[in-house]
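Using the working numbering, read the sequence shown as starting at 8 and increasing by one per residue. Every residue gets a Cβ at the ideal spot worked out from N, C-alpha and C, and that includes glycine. Following: one structure in structure tokens, then a few remarks.
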Amino acid sequence: MSQNIDINEINKFSQLAAQWWDPNGQCKPLHIINPLRVDYILQQCESLNGKKVLDVGCGGGILSESLAKLGAQVTAIDLAEESLNVAKMHAEQNGLSIDYQKQTVEAHAEERSEYYDVITCMELLEHVPDPFSIINACAKLLKPSGKLFLSTINRNTKAKLLLIYGAEYIARLVPKGTHDFNRFIRPSELMDLVEQSKLAVKGIIGMEYHLLKNQFKLGHNVDVNYILMAQKEL
Numbered sequence: 008m009s010q011n012i013d014i015n016e017i018n019k020f021s022q023l024a025a026q027w028w029d030p031n032g033q034c035k036p037l038h039i040i041n042p043l044r045v046d047y048i049l050q051q052c053e054s055l056n057g058k059k060v061l062d063v064g065c066g067g068g069i070l071s072e073s074l075a076k077l078g079a080q081v082t083a084i085d086l087a088e089e090s091l092n093v094a095k096m097h098a099e100q101n102g103l104s105i106d107y108q109k110q111t112v113e114a115h116a117e118e119r120s121e122y123y124d125v126i127t128c129m130e131l132l133e134h135v136p137d138p139f140s141i142i143n144a145c146a147k148l149l150k151p152s153g154k155l156f157l158s159t160i161n162r163n164t165k166a167k168l169l170l171i172y173g174a175e176y177i178a179r180l181v182p183k184g185t186h187d188f189n190r191f192i193r194p195s196e197l198m199d200l201v202e203q204s205k206l207a208v209k210g211i212i213g214m215e216y217h218l219l220k221n222q223f224k225l226g227h228n229v230d231v232n233y234i235l236m237a238q239k240e241l
């Protein structure tokens, strides 16, 4: 379990702790895409009210809070303690009950097998040494018929140009060094990992980024950012 941790990545996001809830700061792209992520989750789930939801790699709680506001019983895990402290404080200030825990998803799977209706793992897989370990743990945590939402970045020249040269060096939307191109994951590769975890791929959608407009939108183009939805069959 401990081998699937990249301390440099944890430290990188710990340094962003004070920026998590600044919509115009270094986490601005997350604030822009968050409504899109929530919309897609609702499209696939219809309602989250009363459902047990796990947010893996929750950071400062941007997605976690949105899910809690929709009536979900949210547990959120991360390894960056500074980010978790920000998430806890922000949730308290907004009167939201979210169970934040500093824990790996692999360890969490040992405690809560087949416990969750929905699991989200957004923008995490490209920051860990072993994405399959994350996905496999999520599969163990899902109830039968439970749904898993994974978002990551396609590995191709277009993604490299837009997200590394464009977003990091030209537009400076995120700090330099945020992304490692070699850890980007092609949709076909992600589908293989999901199927190896005994989950069924049910949908995939792109989040298209327009650099000049500084906007994202959901669409069929999965060349860069995309979300995959998988389900645990009965």
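Query, Result
"Exposure label - Ser73; buried when at least 16 CB within 10 Å", "buried"
"Among Ala237, Leu49, Phe188, the one whose alpha carbon lies nearest that of Gly210", "Ala237"
"Three-way DSSP call (helix, strand, coil) for Val201 in this model", "helix"
"Inter-residue Cα distance where the pair is Gly64 and Asp85", "5 Å"
"Coarse secondary structure for Cys128, derived from DSSP in three states", "strand"
"Paired residues, beta bridge with Asp62 - DSSP", "Ala83, Thr127"
"Burial state of Lys109 (16 or more Cβ within 10 Å)", "exposed"
"Chain-order list of residues whose beta-carbon lies under 7 Å from that of Ser54 (same chain, five-residue window excluded)", "none"
"Close-in-space but distant-in-sequence residues of the same chain around Ser195 (CB under 7 Å, 5 per side omitted)", "none"
"Which listed residue (Ile40, Met198, Gly68) has its alpha carbon closest to that of Leu225", "Ile40"
"The region 113 to 131 contacting the region 90 to 105, beta-carbon criterion three pairs below 8 Å", "no"
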